[in-house]
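What follows is one structure encoded as structure tokens, with my remarks underneath.
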Amino acid sequence: MTEALTQDEIQRLDDHFRYYNPQAYSHWTQYEVIPFSKLETKEDMKEVLDHLHTFLQSEDYVATASIFTKRFAYYIVTGILVPMSAFDKAPVLDKDRLKLIRVDEDKNWFPKLEGNHEHVTSPGNGSREEWVHDIAEETFANVVRPIFVNVQQVSKLPMKTMWENLAIYIFWFYELFYPEFTTENHHRIQQDFHYLVQSLEGDAFGEKRNPLTYFQRQDCLKNGTRMRKFCCMTYKLNEQSNYCRTCPNSP
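Position 32 of the sequence shown, counted from 1, bears residue number 251 in this note's numbering, the numbering being contiguous throughout.
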């Protein structure tokens, strides 16, 4: 069943996350536009990472790649999984319509995600669990993993680090942030979280095992944030960079 996000839903995504709201930002200067289709080949990925490396004034290419995958993972969670769980709507994953759009010159590189908000699916009268499975498999196996593979081939950033970059944002939203985003559908959101972490098989990620399950047993800080299993390497970005609070290698 195909629908669209309402303007109120788009506004809520804009208010809480880095989501591109056309009504708010269409008149802003677009300094950089990266369609997801521009991330499909190793050559295109190298061009994107080379540009980002210069923009970030980075001194370490692996750190640049990790920053990219952390941002990318954030947009996958907030632009696809959040509307799936909170609104019962998931954007159709058209790689030409999904874009990262930078509307400022912030050297930390925080573009906004232009989601395919005019074309979304919902479970309708069908099985919601089957719908969630299909969304997850299309997202993880057909979009996320191929992009991670390209990043790994270009930068040598380990796949395990990239999967953890995704996992930390999934745990962040589904364990900590969702009550701030919505007062509704909390049971459904937690059902989705359990399904993504506990029920999905590895093939839904293009892997032998579900990588989210691998990261779920990490210790937490007092605020509930999970410690990382692997260093994300971004402390190497430049002289101004530091270890993350959740880094296993933090002094």
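Where a beta carbon is used, it is the ideal one built from N, C-alpha and C, also for glycine.
query: Are I389 and L431 touching if we call contact CB-CB under 8 Å?
result: yes
query: Who does R445 pair with in a DSSP beta bridge?
result: C439
At least three beta-carbon pairs within less than 8 Å, the region 290-301 to the region 343-353: no
- request: Could you round the C-beta distance between T472 and A309 to whole angstroms and report it? I think they count as a contact, below 8 Å.
  value: With the chain covering only 220 through 470, there is no way to say anything about residue 472.
Residue span of the beta strand (DSSP E) that contains P254, given as start and end: 251-254
- prompt: For P398, does the count of other Cβ atoms within 10 angstroms reach 16, so buried, or fall short, so exposed?
  reply: exposed
- prompt: Exposed or buried, which one is R364 when buried takes at least 16 other CB atoms within 10 Å?
  reply: buried
query: To the nearest whole angstrom, what separates the beta carbons of I207 and L319, a pair I think is in contact under 8 Å?
result: Because the chain in this structure spans residues 220 to 470, residue 207 falls outside the shown range and cannot be described.
- prompt: Going along the chain, which residues of its own chain have a beta-carbon closer than 6 Å to the beta-carbon of G334, five neighbours each way excluded?
  reply: G298, P310
Pair within 8 Å by beta-carbon distance, S374 and Y280: yes
- prompt: Anyone know if the C-beta pair for K326 and Y244 falls short of 8 Å?
  reply: no
- prompt: How about E356 and F449: are their beta carbons less than 8 Å apart?
  reply: no
- request: Per DSSP, which residues does I320 bridge with? Please list them.
  value: V252, K331
- prompt: Span of the alpha helix (DSSP H) holding S471?
  reply: Residue 471 lies beyond the range of the chain shown here (220 to 470); nothing can be said about it.
- request: To the nearest angstrom, report how far apart D472 and Q249 are at their CA atoms.
  value: Residue 472 lies beyond the residue range present for the chain, which begins at 220 and ends at 470; the question has no answer from this structure.
query: So is R464 buried or exposed if we call it buried at 16+ other beta carbons inside 10 Å?
result: exposed
task: Compare the Cα-Cα distances from E251 to each of R231, R321, R447, D234 and report the closest residue.
output: R321
task: Decide if N369 is buried, meaning its Cβ has at least 16 other Cβ atoms within 10 Å, or exposed.
output: buried
message: For Q410 and P470, what's the separation of their Cα atoms in angstroms?
response: 37 Å
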